[in-house]
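Here's the structure we're looking at; comments come further down.
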Amino acid sequence: MSQNAKQVITRFAPSPTGFLHIGGARTALFNWLFARHHGGKFMLRIEDTDRKRSTQEAIDAILDGMSWLGLDWDDEPIFQYSRADRHREVAEQLLEKGLAYRCYATPEELTEMRETAKAEGRPVGYDGRWRDRDPSEAPEGVSPAIRLKAPRDGATTIHDHVQGEVTVQNQELDDMILLRSDGSPTYMLSVVVDDHDMGITHIIRGDDHLTNAFRQKLLYQAMDWETPIFAHIPLIYGPDGKKLSKRHGALGVDAYRDMGYLPDALRNYLVRLGWAHGDDEIFSTEQATEWFSIEGINKSPARFDFDKLANLNGHYIRNADEEKLAQLIKPLIDKQLDKSLDDNLCQRLIAALPSLKERAKDINELASSGLFYFRESPLPFEEKAEKLLTDEAKGYLKDLLQRLSGLNNWVKSDIHDQIAATVADNDVGFGKVAKPLRAALTGLAASPGNIDDIMVILGEDESKKRLEQAIS
RNA sequence: GGCCCCUUCGUCUAGUGGCCUAGGACGCGGCCCUUUCACGGCUGAAACACGGGUUCGAGUCCCGUAGGGGUCACCA
262 MSQNAKQVIT RFAPSPTGFL HIGGARTALF NWLFARHHGG KFMLRIEDTD
312 RKRSTQEAID AILDGMSWLG LDWDDEPIFQ YSRADRHREV AEQLLEKGLA
362 YRCYATPEEL TEMRETAKAE GRPVGYDGRW RDRDPSEAPE GVSPAIRLKA
412 PRDGATTIHD HVQGEVTVQN QELDDMILLR SDGSPTYMLS VVVDDHDMGI
462 THIIRGDDHL TNAFRQKLLY QAMDWETPIF AHIPLIYGPD GKKLSKRHGA
512 LGVDAYRDMG YLPDALRNYL VRLGWAHGDD EIFSTEQATE WFSIEGINKS
562 PARFDFDKLA NLNGHYIRNA DEEKLAQLIK PLIDKQLDKS LDDNLCQRLI
612 AALPSLKERA KDINELASSG LFYFRESPLP FEEKAEKLLT DEAKGYLKDL
662 LQRLSGLNNW VKSDIHDQIA ATVADNDVGF GKVAKPLRAA LTGLAASPGN
712 IDDIMVILGE DESKKRLEQA IS
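Per our numbering, the very first residue in the first sequence carries number 262; after that it's consecutive.
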């Protein structure tokens, strides 16, 4: 456990400017796992201070995405914008303590400053021109921004639990803005104040925030607040090693749901991306919670691999409960067939699922693969299947149909015996009968399931009906 | 460009100075199972970026080089 007895509190702090993308989902997952591992709290903070880009739809999408992944948060979500007054209050305190100052530099001045600094190869930050000026020099009618008076020499080091000890010279850090000239707090200020007020003990976030951490640490120090533990995790890259693009999977988790991935599979995949527990590949959320540690997170970035996700998904589908799967795919089947499966067909679906789920890599595939069970005859035939129904084959099927009508019980063993008898009496290989039989029953040359199982699932009437139609 | 970070099979990774003839998983090849398609089992090819050190001994420690990434806003 940790050094002190303090309860672990983590947070996930998305900006509601879009869906919950896959990288954010992993960050949330790590925070969630860490909190649950320590029996602590996992909080949600919506960083909606960018009023123009924040939308209610995005908030809903993020909440939905997290719920779908099974990431439950403690307490009510905190909306950052609603805390602006408190942020301003902290800025004022800093001003009073002499640790912040008013800056009257104009935007034009600042860009010019950056350009010359860049041209001269110096750090491009703010040069501190209002840092020590007397307030009486303030120009008329210009409302100032408030900047932190950051230390100019020395160095700041972060003891990051993923990145290790990282040090940066303070001269690389400029006096960041706390309050804009319109009085609105900046992200840098809001984050620190909120994390402190929420009692966050561990900040686990993408390593694109690493450089922010130095500035934020300066703020914690200025306020004399305890700095939380940082853990900056590497971002996920695309299969080409470049930043994850939409084409490569930088999609919302809802897109993964629509692609037919199970939340368990995605969760399992996401944890293993950049984190490992020995050779374990497939594990439950309970195990992940038990095993998870920040120290186990790799420093190097990981690429997103759809093949591995698909493999994992196949595993979770095979192990999923049939009732649950049926619920997921019924709407998909209804849509594709443009009808609603009745009770009878729903029963058929449940019966078919054990063999269907052995083969599918995703939910959409699962639904499509079983479509033939529910189509109205006459079945649409694919070309390969059509070709299997030669006159010779039809003869075997006619023979089989006759034998089948003598059956008292429509059970697998008896059906199998009749197929075997047909094969034997006609003195042909098994495939000579089985292949056209499959084609007749499914309209396909290849389909999931043993042929006798398919007949049992289809039922006596439907099986015979399809056979008769194929023969004629 | 400045600063910071990263670098083990194609990909995700195990590995914390001798257990490494570098292990597992996905993907790929072969074989087996088989009533198609899958599942499954067995098996094969496949990596310590490069160059210097340190050490009796380096994938593991240090330095450099190369490549990759992040970040440098009155955005978050």
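Every residue, glycine too, gets a C-beta built ideally from N, C-alpha and C.
Taking only runs of the beta strand (DSSP E) that begin and end inside the stretch 444 to 486, which ones reach a length of at least 3 residues, in chain order? 463 to 467
Quick one: what's residue 307 bridged to in DSSP? 340
Please look up how many angstroms separate the CB atoms of residue 595 and residue 586, rounded, as I've assumed it's under 8 Å. Not really, about 15 Å apart at Cβ, beyond 8 Å.
Let me check understanding here. Comparing Cα to Cα, which of 483, 313 and 552 lies closest to residue 354? Per the Cα distances, 483.
Cβ-based burial, residue 318 [other Cβ within 10 Å; buried from 16]: exposed
Pull up the CB-CB distance for residue 352 and residue 439, whole angstroms please, since I reckon it's below 8 Å. 5 Å
DSSP state of residue 764 mapped onto helix, strand, coil: The structure shown does not extend to residue 764, since the chain is modelled only from 262 to 733, so the question has no answer here.
So, are the CB atoms of residue 639 and residue 730 less than 8 Å apart? yes
For residue 332, which of helix, strand or coil comes out of DSSP? coil
Looking only at its own chain, which residues have a Cβ that is under 8 Å from the Cβ of residue 312, when we skip the five neighbours before and after it? 342
Less than 7 Å separating the Cβ of residue 666 from some heavy atom of the ligand MN? Inclusion of the ligand MN in the displayed structure is not the case, the ligand content being empty and no account of it being possible.
So what does residue 406 bridge to, in DSSP terms? According to DSSP, residue 406 shares a beta bridge with 364.
Just to confirm my understanding: we take residue 710, look at its own chain, exclude 5 residues before and 5 after, and list those with CB closer than 7 Å. What are they? 616
Count the CB pairs spanning the stretch 385 to 395 and the stretch 416 to 431 that are closer than 8 Å, and state whether there are at least three. no
Taking 8 Å as the cut-off, decide whether the C-beta atoms of residue 505 and residue 300 are in contact. no
On the CB-based measure, 16 or more other CB atoms within 10 Å of its CB, does residue 672 come out buried or exposed? exposed
Is DSSP giving residue 270 helix, strand or coil here? strand
Rounding to the nearest angstrom, what Cα-Cα distance links residue 697 and residue 667 in this structure? In a straight line, the C-alpha of residue 697 is about 21 Å away from that of residue 667.
Ignore the nearest five residues each way along the sequence and tell me which others in residue 665's own chain have a CB closer than 6 Å to its CB. 679
Is residue 543 helix, strand or coil when you go by DSSP? coil
Which residues bound the alpha helix (DSSP H) around residue 425? Looking at the DSSP string, residue 425 is not in any alpha helix (DSSP H); the run it does join, the beta strand (DSSP E), is 425 to 430.
Suppose you measure from the CA of residue 272 to the CA of residue 294; what does that come to, to the nearest Å? 11 Å
Beta-carbon proximity check, residue 436 vs residue 359, cutoff 8 Å: Contact: no.
May I ask you to verify whether the stretch 510 to 521 touches the stretch 540 to 559, counting CB pairs closer than 8 Å and requiring at least 3? No: the two stretches stay apart, fewer than three of their Cβ pairs being nearer than 8 Å.
Tell me whether residue 315 is buried or exposed, calling it buried when 16 or more other Cβ atoms sit within 10 Å of its Cβ. buried
Straight-line CA distance for residue 578 to residue 589? Taking the straight line joining both Cα atoms gives about 11 Å.
Across the stretch 405 to 423 and the stretch 372 to 383, are there enough close Cβ pairs to call them in contact, namely three or more that are closer than 8 Å? no
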